[in-house]
Structure formats: structure tokens, C-alpha cells
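Report on the structure given below.
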Amino acid sequence: MWLYVGLVALVWALGWYLRDRQTLASVQDKHVFITGCDSGFGHMLAKRLDRKGFRVLAGCLTQKGAANLQRSSSPSLRTTLLDVTSSESIQQAVEWVRAEVGEKGLFGLVNNAGVANPIGPTEWMRIQDFRQVLAVNTFGLIEVTLGFLPLLKQARGRVVNTSSVLGRLSANGGGYCISKYTVEAFSDSLRRDMYHFGVRVSIVEPGFFKTAVTSLDTIEASLQAPSKAKAPSLWGMGCSQVGVGTAMGLLGEGQSWAPAHSKQAGVSCSQPRGGPR
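Laid out in C-alpha cells, this is it:
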């Protein structure tokens, strides 16, 4: 029994080892398009691939972000403006990339652009808060992928979608976790569809890294805005600050995932605006 288990584990480990040791003979003619390169993972990945010799094509939301990236990279790195919530902007980016790659096609697409806010207790959210996040993280990612699939098939390339650990375990309200669950599902179905065309599809699931998306100041600001308007009328005047503090604790501020003030949340939020009855 244990010998069989050990042999299976050994074969599995050997397979992973051999897979991870695979390298490309040359990267100088490999074009990679990355979305969301103004800051964070996209910015760092673009510079890293540029240093390794890839032909990096970087999509940035702002002219300032594109200029900052261009200044810190080699002349071979190219940038273009891209708003993944705009079909027109996506189509312009596809045509620009097509002109850049020519007959070789696109070796890699990295869907990195994403937003997190607004997040918070579900009852504080409005429907437009969900739509705002899904427009970038879900529909933007899908539309960008659909636009580039012909170029990816041409090069038998690969798609890398940035998901999250919160695409497996939902930890907070708002559209972020929902959007990452859809990224996981879309990637799984796309992987099966593209297998016969030689196009690989991968998912990256980062944790709580220090990027613009996970800035606690930005997250707290997004929590405060709806809580001031809605929480007092829903649960009582003392509830909003407790809810904000609890949510911030769950997002990693401090040492505990169950901050002390969360224990009062049930009491404070159960009282109507007139106080105890």
C-alpha cells in the first residue's frame, strides 16, 4: 500500500520537476501583451519580461502610467492605452497588437487589469457597485481574451488570467470575490476549448500582496462612503463604524482575523436608532 503511494508521489513530483525545467530556445521573437501595466503586478511583470528579452506590449489605462513604464524599460517595450471596460478601446488595442506581431501571432496574453473596490458588507452595496467591479474583472477580461484569441491561436500561445485566492473562498461582500470566481470558471472552460488549438490557459492566484488593489486606505474609503449613508438607517447609529472596523480586520489590518470590536457587532447592529428597547 505505502509503496504504491510512494511511487505515485514520486512520479507526480518528477512530472512537475520536468515541466518546470522546460525552457524556450529563444524569446526575442515572442510577443506578450499585458493589461493593467500602470502599477502593481502588471507593471512589474512588464519590466521583468522586458529584461529577459521578450517583446513586451503593455496596455496602460493612463498616459502617465504608460510614460512611467516606458521610462524604466528598454526601447523595445511598447505601450498603448487600454480601458478594458470599453469595447472600442479593446478593439483598438487588438489592431495595434496585430500590427506589432505580424504573421508570428501573439505568444502570450496576461489579463492582469483589475479593481477591488467597492467592497464591504453586502447590504451596504448598490447594484452599480457590483457592476463597476465586474465590468473590469469579468467582462473586461473576457472581451480582451476573445479579441486576442485569433492571434493566440496563430502562435499556439498561452493565456494567463490573474485570479485570486478569493476566487476559491469568498471572504467579503461586493463584486471582487464574485468576479474572481467567474475568472476561475471562464479560464477552466477556455482551457478545454483551446486545448486542440495548442493554446494553453493558466490561472495565477495571488494572496494579499501590497498593490494598489489592496491599499487599505482605498478600501477603507470605499467602506466609509456607503456606510455613512446606509448603515445608520439600517441598523442603528453605532453600527457603521463597527462594520468598517470589522471589515478592515478581515482584510488583514492588525494581527487578528477576528478583531476585538467584531464581538460587539451583533449587539451594536441589533439596536434600532432609538437605543435599547
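Quick note on numbering: the sequence shown equals residues -25 to -1, 1 to 252 in mature numbering (1 follows the signal peptide of the UniProt record, and there is no 0). Glycine is no exception: its CB is placed at the ideal position from the N, C-alpha and C atoms. Remember, it's a predicted structure, so these values are computed and weren't measured experimentally.
Within 8 Å, strictly: CB atoms of residue 31 and residue 69: no
Euclidean distance between Cα positions of residue 95 and residue 150: 9 Å
Alpha-carbon to alpha-carbon, residue 61 and residue 145: 28 Å
CA nearest to the CA of residue 116, picked from 102, 100, 136: 136
Presumed contact (8 Å Cβ cut-off) between residue 122 and residue 174, rounded CB distance: That pair is no contact at about 14 Å.
First and last residue of the uninterrupted alpha helix (DSSP H) at residue 119: 116 to 130
Residue 2 - partner residues in DSSP beta bridges: Partner(s): none; residue 2 has no beta bridge.
Paired residues, beta bridge with residue 178 - DSSP: 136
Spatial neighbours of residue 250 in its chain, beta-carbon cut-off 7 Å, leaving aside the 5 residues before and after: At residue 250 the pLDDT is 44, less than 50, meaning the model places this residue with poor confidence; the figure from the coordinates comes in the next sentence. Around residue 250: no qualifying Cβ.
Endpoints, the beta strand (DSSP E) within which residue 37 is located: Residue 37 -> no beta strand (DSSP E), and no H or E assigned at all.
Cβ-heavy atom distance, residue 139 to the ligand MG, below 7 Å: This structure does not include the ligand MG; it has no bound ligands of any sort.
Close Cβ partners of residue 65 (< 6 Å) along its chain, the five nearest in sequence each way excluded: 118, 119, 122
Residue 30 - partner residues in DSSP beta bridges: 6
Residue 71 versus -18, 164, 56, 166, residue with shortest Cα-Cα distance: 56
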